[in-house]
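Engineer: Numbering (this note's numbering), first residue to last: 56 to 373.
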DNA sequence: ACGCCTACCTGCTTGC
DNA sequence: TGCAAGCAGGTAGGCG
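(1) For a quick check, are the C-beta atoms of residue 281 and residue 225 less than 9 Å apart?
(2) Out of 182, 146, 152, which has the shortest C-alpha to C-alpha gap to residue 168?
(3) With DSSP as the reference, label residue 249 as helix, strand or coil.
(4) Determine whether the beta carbon atoms of residue 133 and residue 90 lie at a separation below 9 Å.
(5) Could you say if the segment 87-105 and the segment 243-262 meet the contact criterion of at least three C-beta pairs nearer than 8 Å?
(6) Just tell me which of 244, 334, 215 has its CA closest to the CA of residue 230.
(7) Taking only the alpha-carbon atoms, compute the straight-line gap between residue 332 and residue 352 and give it to the nearest angstrom.
(8) Tell me, please, whether the segment 62-77 touches the segment 116-134 by the rule of three or more beta-carbon pairs shorter than 8 Å.
(9) Evaluate contact between the segment 323-338 and the segment 276-293, counting only Cβ atoms and requiring at least three cross-stretch pairs below 8 Å.
(10) Going by the beta-carbon positions, is the gap between residue 266 and residue 283 smaller than 9 Å?
(11) How is residue 321 classed by DSSP in three states: helix, strand or coil?
(12) Apart from the five residues on each side of it in sequence, which residues of its chain come closer than 7 Å, Cβ to Cβ, to residue 156?
(13) Put residue 231 into one of helix, strand or coil per three-state DSSP.
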């Protein structure tokens with residue numbers, strides 16, 4: 056198996072990687088590791104200590120939380136891999152040519168290598184004590200305050216709910232939206248509001264829900280919340296069903312392009328016709344992120360009087 | 001709470 | 001053609 060993902064792993068992409076790794080490396084033993092880019096190893100482990108601590112570990116299971124791959128070790132510890140922008144985990148067969156973008160290489164007992172590849176070096180790998188992942192009721196720890204113990208649960212202590220969890224109901228989304236004046240797009244990208252949604256799936260979910268990205272969260276009707284809830288879950292589920300192939304330069308182990316890139320409705324379709332109404336897709340910038348929407352299907356934001364700095368159509372480019 | 005800014009990085013696209 | 005500026009965006013941290 057080889058992965059050549061090069062952009063934007065969000066929940067469906069990370070889930071796909073985790074499921075594949077579960078099939079391929081569960082049970083494997085890590086005999087040694089090389090850290091080729093120090094900063095890839097997250098605080099608090101220095102790279103040399105990380106290598107010492109991972110040496111000899113056996114992988115028991117691979118899962119996902121938010122946008123991180125969780126590599127559970129047989130002794131209860133957990134290695135977290137945050138892929139960020141360009142990170143990828145690759146299982147390379149014995150004798151495979153080296154990869155200049157491999158930042159951390161794990162040597163497996165059977166001769167294969169588990170490679171963490173990341174051209175832009177944004178991703179981070181951490182090694183933590185187990186525990187705390189199920190404890191949803193975290194106290195509001197302040198930013199920068201050190202956790203009591205470096206448990207994996209603490210790493211995700213400020214993350215919001217998993218949108219595909221059965222407990223993530225429309226009522227729960229409504230409760231989280233209540234009293235929030237932020238824009239919908241901003242909130243969907245906020246990992247403490249909801250975990251795993253990134254720029255692509257945020258735009259897709261809003262298009263599917265027919266909601267404008269600049270709508271204030273606290274102006275949604277009950278029906279609109281229901282639509283948003285359903286849309287978030289359906290775009291993520293569809294992404295997973297298509298193996299998370301949500302970007303054009305993605306190819307799988309056989310070099311075949313993924314399918315989901317052709318199924319995106321608005322993302323990077325600026326100026327192209329909306330699949331529902333034919334209106335050209337607009338592009339604006341929200342929170343420094345490019346944002347794509349249909350100006351007709353997703354009608355203009357309901358704003359508080361005088362608080363709208365500019366009409367959303369002003370930045371439309373073709 | 002919210003929005004905006006910068007830094008982290010490098011490959012690709014765009015424009016002259 | 002060649003080169004440089006601009007763009008892409010997940011996340012942490014800082015400021016107002």
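Where a beta carbon is used, it is the ideal one built from N, C-alpha and C, also for glycine.
Structural biologist: By the coordinates alone:
(1) yes
(2) 146
(3) Three-state result, residue 249: coil.
(4) no
(5) Segment contact: the segment 87-105 against the segment 243-262, fewer than three CB-CB distances shorter than 8 Å; contact not assigned.
(6) Here the closest residue by C-alpha is 215.
(7) 7 Å
(8) yes
(9) no
(10) Yes.
(11) coil
(12) 172, 173, 174
(13) helix
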